[in-house]
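Heads up, the sequence shown is in this note's numbering, so the first residue is 3 and it goes up one at a time.
Comments concern the structure below.
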Amino acid sequence: MALWGLGSVTGLYAQKPVSGRPNIIVVVTDDHRWDALGVAGNPIVKTPHLDSLANRGINFRNAYVTTSICAVSRASILTGQYLSRHGINNFVKNFSPQAFSQTYPMLLKAAGYTTAFIGKFGVGNSPPAEYFDYWMSTEPEGNDRQPPYVTLDANGKEIHDTDTIGRAIRKFLGQYGTSGPFCLSVSFKAPHELDGDPPTYVVQDRYKHRYREEVMPAPRTASNKYVERLPPFLRSEANIGRKRWEGLLGTPALFQENVKNYYRLITGVDEVIGSMVATLRQLGIADQTAIVFLGDNGMLLGEHGLEGKWYGYEESIRIPLLIDYAGLPSDLRGSKPEIMALNIDVAPTILALAGLDPPGTLQGHNLLGVLEGVVPDRDDFFYQHYFMGSPKIPQVEGVVSRRFKYMNFMEHGYEELFDINRDPRETTNLIDRRKYRHELDALRERLVELKKAAR
Numbered sequence: 003m004a005l006w007g008l009g010s011v012t013g014l015y016a017q018k019p020v021s022g023r024p025n026i027i028v029v030v031t032d033d034h035r036w037d038a039l040g041v042a043g044n045p046i047v048k049t050p051h052l053d054s055l056a057n058r059g060i061n062f063r064n065a066y067v068t069t070s071i072c073a074v075s076r077a078s079i080l081t082g083q084y085l086s087r088h089g090i091n092n093f094v095k096n097f098s099p100q101a102f103s104q105t106y107p108m109l110l111k112a113a114g115y116t117t118a119f120i121g122k123f124g125v126g127n128s129p130p131a132e133y134f135d136y137w138m139s140t141e142p143e144g145n146d147r148q149p150p151y152v153t154l155d156a157n158g159k160e161i162h163d164t165d166t167i168g169r170a171i172r173k174f175l176g177q178y179g180t181s182g183p184f185c186l187s188v189s190f191k192a193p194h195e196l197d198g199d200p201p202t203y204v205v206q207d208r209y210k211h212r213y214r215e216e217v218m219p220a221p222r223t224a225s226n227k228y229v230e231r232l233p234p235f236l237r238s239e240a241n242i243g244r245k246r247w248e249g250l251l252g253t254p255a256l257f258q259e260n261v262k263n264y265y266r267l268i269t270g271v272d273e274v275i276g277s278m279v280a281t282l283r284q285l286g287i288a289d290q291t292a293i294v295f296l297g298d299n300g301m302l303l304g305e306h307g308l309e310g311k312w313y314g315y316e317e318s319i320r321i322p323l324l325i326d327y328a329g330l331p332s333d334l335r336g337s338k339p340e341i342m343a344l345n346i347d348v349a350p351t352i353l354a355l356a357g358l359d360p361p362g363t364l365q366g367h368n369l370l371g372v373l374e375g376v377v378p379d380r381d382d383f384f385y386q387h388y389f390m391g392s393p394k395i396p397q398v399e400g401v402v403s404r405r406f407k408y409m410n411f412m413e414h415g416y417e418e419l420f421d422i423n424r425d426p427r428e429t430t431n432l433i434d435r436r437k438y439r440h441e442l443d444a445l446r447e448r449l450v451e452l453k454k455a456a457r
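Listed below in structure tokens is the structure:
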């Protein structure tokens with residue numbers, strides 16, 4: 003059995019030259035909640051190619067983000083660090099050259115990998131194109147760098163962003179796929195809605211009628227009974243989550259159409275994943291290529307009367323996380339571990355796949371080492387979200403453990419405590435229950451400890 007330790011280069015490829023190390027493809031989707039995959043038990047959304055990745059590789063069933071917003075989470079994925087350390091706390095702040103040199107693509111480049119980026123970079127307003135060997139961004143120039151969903155291709159024909167990314171993947175693999183180890187980072191805009199007032203979901207024409215006959219089940223916590231339990235600052239229409247709910251999900255017809263659109267965009271991504279894997283096989287490099295797939299954060303689709311992310315509810319902070327690689331130990335292939343995995347674990351895990359030591363600044367764990375018992379597992383983690391603040395996006399921080407979730411909306415002195423084992427939909431706030439006073443006090447103390455450690 004291979005050892006994937008974090009403290010020294012003990013990975014399967016540690017003693018091999020660069021030419022013997024795996025290619026690595028990292029695929030990130032935008033606002034992709036954990037249960038929006040067929041393999042996650044979703045009976046509606048069709049994701050056969052992603053399901054195949056999960057069934058061949060490792061499907062982390064309890065994967066979370068440490069901050070549920072695109073730019074911050076993407077920075078955490080690249081750096082293996084909490085927001086408190088990497089400092090990317092908005093959409094325009096850029097990495098310093100020194101900080102970017104410690105991201106997984108640049109560490110792999112320094113180790114001899116060809117590095118490429120395709121899609122929505124999503125961090126800062128000055129993308130680091132010059133640091134990559136291959137760069138194809140779908141972002142426009144300027145401070146508003148959200149990619150449009152529809153652009154014109156080289157022939158002047160309209161093309162969807164997901165298909166643009168698919169073409170770019172095939173082009174890169176055709177040029178570089180057999181030239182030595184590469185690290186390709188792919189970042190989709192899908193299934194993120196197109197920002198506007200109200201936002202809209204822009205779907206590929208060929209998928210516009212997919213799921214037409216399906217009925218999307220309404221979340222239990224979308225009813226007025228649960229919405230009325232929210233504190234006034236979350237129920238307020240000044241809260242972006244409520245405003246987006248009204249524009250996208252606020253009537254039964256809107257809910258049906260836009261949840262279907264969300265699934266349609268995910269199925270579009272799945273098609274590109276299938277094409278990418280087919281290309282790897284055609285080139286004869288599928289077995290030499292590790293694929294890491296994850297969402298940058300989750301998405302509330304009406305739960306608690308909200309649409310969006312930001313807050314600490316399960317639908318917002320849980321993500322899909324898959325690793326498929328023929329070189330994995332046989333006992334890990336096809337596994338569904340229950341360990342608590344985080345977005346900050348992606349960078350150290352990628353470095354372990356390449357046989358590289360992580361810098362001491364990384365805060366995440368090598369997940370392969372955790373699974374093989376050479377890296378300690380975690381029992382809880384620190385959640386933080388500070389962007390914007392009240393009234394639009396109230397700030398929140400807290401602790402998620404294996405059983406309990408404690409969240410503190412600091413601006414309002416409002417706290418939540420949920421038993422996520424017994425109450426996974428987070429319907430009952432236990433904060434005032436005397437029975438749970440011991441757990442509450444312990445979590446408050448743990449928050450102070452974890453917040454300090456995250457700096």
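Where a beta carbon is used, it is the ideal one built from N, C-alpha and C, also for glycine.
These figures come from a predicted structure and were not determined experimentally.
Can you give me the start and stop residues for the beta strand (DSSP E) that residue i sits inside?
i, result
"residue 187", "184-189"
"residue 441", "Run containing residue 441: none in the beta strand (DSSP E); it sits in the alpha helix (DSSP H), 439-455."
"residue 125", "Taken as a continuous stretch (DSSP letters only), residue 125 belongs to no beta strand (DSSP E), as it is neither H nor E."
"residue 153", "152-154"
"residue 108", "Careful: residue 108 lies outside any beta strand (DSSP E), inside the alpha helix (DSSP H) at 106-112."
"residue 384", "382-387"
"residue 161", "160-162"
"residue 26", "25-31"
With DSSP as the reference, label residue i as helix, strand or coil.
i, result
"residue 422", "coil"
"residue 528", "Nothing in the structure corresponds to residue 528, since the chain is present only between 3 and 457."
"residue 101", "helix"
"residue 296", "strand"
"residue 61", "strand"
"residue 527", "Past the boundaries of the shown model lies residue 527; the chain is included only from 3 to 457, so the question cannot be answered."
"residue 176", "helix"
"residue 75", "helix"
"residue 345", "helix"
"residue 433", "coil"
"residue 165", "helix"
"residue 309", "strand"
"residue 137", "strand"
"residue 352", "helix"
"residue 238", "coil"
"residue 271", "helix"
"residue 66", "strand"
"residue 181", "coil"
"residue 196", "strand"
Short of 6 Å in beta carbon distance, which residues of its chain neighbour residue i, apart from the five on each side in sequence? Order them along the chain.
i, result
"residue 411", "396 and 398"
"residue 343", "62, 65, 323 and 369"
"residue 51", "272, 275 and 276"
"residue 442", "419"
"residue 56", "41 and 324"
"residue 119", "134, 137 and 187"
"residue 88", "77 and 81"
"residue 417", "410 and 433"
"residue 379", "341 and 372"
Closer than 7 Å by C-beta to residue i: which residues in its own chain qualify, once you throw out the five before and the five after it? Chain order, please.
i, result
"residue 249", "200 and 201"
"residue 148", "197"
"residue 335", "58 and 59"
"residue 427", "222 and 223"
"residue 305", "221, 223, 224, 315 and 317"
"residue 290", "24 and 25"
"residue 233", "414 and 416"
"residue 245", "239"
Along the chain, where does the alpha helix (DSSP H) that runs through residue i open and close?
i, result
"residue 88", "85-88"
"residue 51", "50-58"
"residue 229", "226-229"
"residue 323", "Element bounds for residue 323: not the alpha helix (DSSP H) but the beta strand (DSSP E), 323-326."
"residue 319", "316-319"
"residue 41", "Neither: residue 41 is in no alpha helix (DSSP H) and is coded neither H nor E."
"residue 373", "369-373"
Return the Cβ separation of residue i and residue j in integer angstroms, given the expectation that the two are a contact with Cβ distance under 8 Å.
i, j, result
"residue 350", "residue 329", "About 17 Å separates the two Cβ atoms, so there is no contact after all."
"residue 405", "residue 422", "7 Å"
"residue 356", "residue 113", "6 Å"
"residue 127", "residue 96", "7 Å"
"residue 117", "residue 185", "5 Å"
"residue 189", "residue 123", "7 Å"
Please work out which residues of its chain come closer than 8 Å, Cβ to Cβ, to residue i, disregarding the five sequence neighbours upstream and downstream, and give them in chain order.
i, result
"residue 321", "34, 35, 36, 65, 66, 67, 296, 297, 298, 299, 300 and 345"
"residue 166", "140, 153 and 155"
"residue 75", "67, 68, 69, 298, 299 and 345"
"residue 231", "431"
Exercise for review: For the segment 202-220 and the segment 360-373, state whether three or more C-beta atom pairs, one from each stretch, are separated by less than 8 Å.
Suggested key: Cβ pair count under 8 Å is below three, so no.
Review point. How do the segment 273-281 and the segment 165-185 stand: do at least 3 beta-carbon pairs fall below 8 Å, yes or no?
Key: At 8 Å Cβ cutoff, the stretches touch.
Review point. Hey, is the segment 239-253 in contact with the segment 174-187, meaning 3+ C-beta pairs nearer than 8 Å?
Key: Three or more Cβ pairs closer than 8 Å define a contact, and the segment 239-253 falls short of that threshold against the segment 174-187.
Review point. Just checking, does the segment 58-68 make contact with the segment 287-300 on the three C-beta pairs under 8 Å criterion?
Key: Remark: three or more beta-carbon pairs, one from each stretch, lie closer than 8 Å, so the segment 58-68 and the segment 287-300 are flagged as touching.
Check your understanding: Quick one: any contact between the segment 203-215 and the segment 131-140, if contact means 3 or more CB pairs under 8 Å?
Key -> Contact between the segment 203-215 and the segment 131-140 is absent, with fewer than three C-beta pairs closer than 8 Å.
Point to revise | Sufficient close CB pairs (3 or more, under 8 Å) joining the segment 77-90 to the segment 103-123 | key: Verdict: yes, contact present.
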